[in-house]
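If you count the sequence shown from 1, you need to add 37 to reach our numbering.
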Amino acid sequence: MARYTGPKSKIARKFGEPIFGEDKVLAKKNFPPGQHGQNRRRKTSEYGVQLREKQKAKYTYGVLEKQFHNLFNKASRTKGITGEVLLQLLEGRLDNIVYRLGIAPTRAAARQLVLHRHITVNGQVVNIASYAVQPGDVVGVREKSKSLEVIADALAGFNHSKYPWIEWDETMKAGKLLHVPSREDIPENIKEQLIVELYSK
Numbered sequence: 038m039a040r041y042t043g044p045k046s047k048i049a050r051k052f053g054e055p056i057f058g059e060d061k062v063l064a065k066k067n068f069p070p071g072q073h074g075q076n077r078r079r080k081t082s083e084y085g086v087q088l089r090e091k092q093k094a095k096y097t098y099g100v101l102e103k104q105f106h107n108l109f110n111k112a113s114r115t116k117g118i119t120g121e122v123l124l125q126l127l128e129g130r131l132d133n134i135v136y137r138l139g140i141a142p143t144r145a146a147a148r149q150l151v152l153h154r155h156i157t158v159n160g161q162v163v164n165i166a167s168y169a170v171q172p173g174d175v176v177g178v179r180e181k182s183k184s185l186e187v188i189a190d191a192l193a194g195f196n197h198s199k200y201p202w203i204e205w206d207e208t209m210k211a212g213k214l215l216h217v218p219s220r221e222d223i224p225e226n227i228k229e230q231l232i233v234e235l236y237s238k
């Protein structure tokens, strides 16, 4: 499956935010990459601001352009506020749910667990990272994968109460999607209205 495999710290520095998780390089160099990163004072156009927000959302959720465009089209056809629905669709991806459950430390690691068949949905192994999890679905760790060190390390001390739309069962090593999260609950710093404005040009 195609995905971004380039330097993540450079992308995080571009946006000035740890969009891939904790970033030691960003902590030391909180300015854009490149020769003139510290001295850049150029004013960004309206289009540039909107494009930047779309790129941030794509990198945050690990989605490529075609997938992102398809999700936007689906959001625009769905009842509700398009920008909010778009974020809810991104949040409902299986790799993101695995990340939110604390089974993996990053979305990239969550995607790898899904692709390597360590994750189940309603008891069945699903290896499609973009699989849309629905309210009521139970996402868990495959029985033979529960002893994996990477999963145990990620779950150690993880605070599941951060995400009230998911219910975690420690004994089963599984979580249930209770409902679609509201915009207020989604912690990502994304101005989704700018993305809507970009696509409606």
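Each residue gets a CB set at the ideal place from its N, CA and C atoms; glycine is no exception.
Candidates the options: which alpha carbon is nearest residue i's?
i      : options                           : result
ARG144 : LEU138, VAL151 and ASP132         : ASP132
PRO142 : GLY194, GLY212, TRP205 and LEU124 : GLY194
LEU231 : VAL135, ILE118 and GLY99          : ILE118
ASP190 : ILE140, LYS93, ALA112 and SER219  : ILE140
LYS103 : SER167, HIS216 and VAL176         : SER167
ILE227 : GLY173, LYS116, ARG137 and VAL86  : VAL86
ARG148 : ASN164, ASN159, VAL158 and LEU138 : ASN164
LYS93  : TYR236, GLU229 and SER237         : GLU229
VAL187 : LYS116, LEU150, PRO172 and ARG220 : LEU150
LEU138 : GLU225, SER237 and GLU207         : GLU207
Excluding sequence positions up to five away, which residues of its chain have a Cβ less than 6 Å from the Cβ of residue i?
i      : result
LYS183 : LYS210
TRP205 : HIS197 and GLY212
LEU215 : TRP202 and GLU204
PHE105 : LYS95
ARG130 : SER167
LYS91  : ILE232 and LEU235
LYS80  : none
THR115 : VAL122
SER113 : THR119
LEU152 : ASN164
Start and end of the alpha helix (DSSP H) containing residue i?
i      : result
GLY177 : Where GLY177 is concerned, there is no enclosing alpha helix (DSSP H), although the beta strand (DSSP E) it sits in stretches over 175 to 178.
LYS91  : 83 to 98
ILE188 : 186 to 192
VAL217 : Premise fails: VAL217 is in no alpha helix (DSSP H) and is neither H nor E.
GLY120 : 119 to 128
Between which two residues does the beta strand (DSSP E) carrying residue i extend?
i      : result
ALA141 : No beta strand (DSSP E) contains ALA141, which DSSP labels as neither H nor E.
THR157 : 156 to 158
Mapping the DSSP letters down to three states, classify residue i as helix, strand or coil.
i      : result
ALA169 : strand
GLU207 : coil
VAL233 : helix
ARG114 : helix
LEU63  : Low per-residue confidence applies at LEU63: pLDDT is 46, beneath 50, and the placement is therefore not dependable, though the value from the model is reported in the following sentence. Three-state DSSP puts LEU63 in a helix.
LEU150 : helix
VAL135 : helix
Given residue i, which residues of its chain have a CB within under 7 Å of its CB, disregarding the five upstream and five downstream residues?
i      : result
PRO218 : GLN125, GLU128 and TRP202
ASP222 : PRO201 and TRP202
LEU134 : The sequence shown places Ile at residue 134, rather than the Leu named in the question. Correct list, in chain order: VAL170, VAL176 and LEU214.
LYS238 : none
Following a CB-centred definition, is residue i positioned closer than 8 Å to any heavy atom of the ligand GTP?
i      : result
ILE118 : As far as ligands go, the structure on display features none, and thus does not contain the ligand GTP.
Excluding the 5 residues flanking residue i on each side, which residues of the same chain have their C-beta closer than 8 Å to its C-beta?
i      : result
LEU108 : VAL100, LEU123, LEU126 and LEU127
VAL162 : ARG154, ILE156 and ARG179
ASP174 : VAL158, ASN159, LYS213 and LEU214
LYS181 : none
Using a beta-carbon distance below 9 Å, is residue i in contact with chain D?
i      : result
LYS103 : The structure shown contains no chain D, having only a single protein chain.
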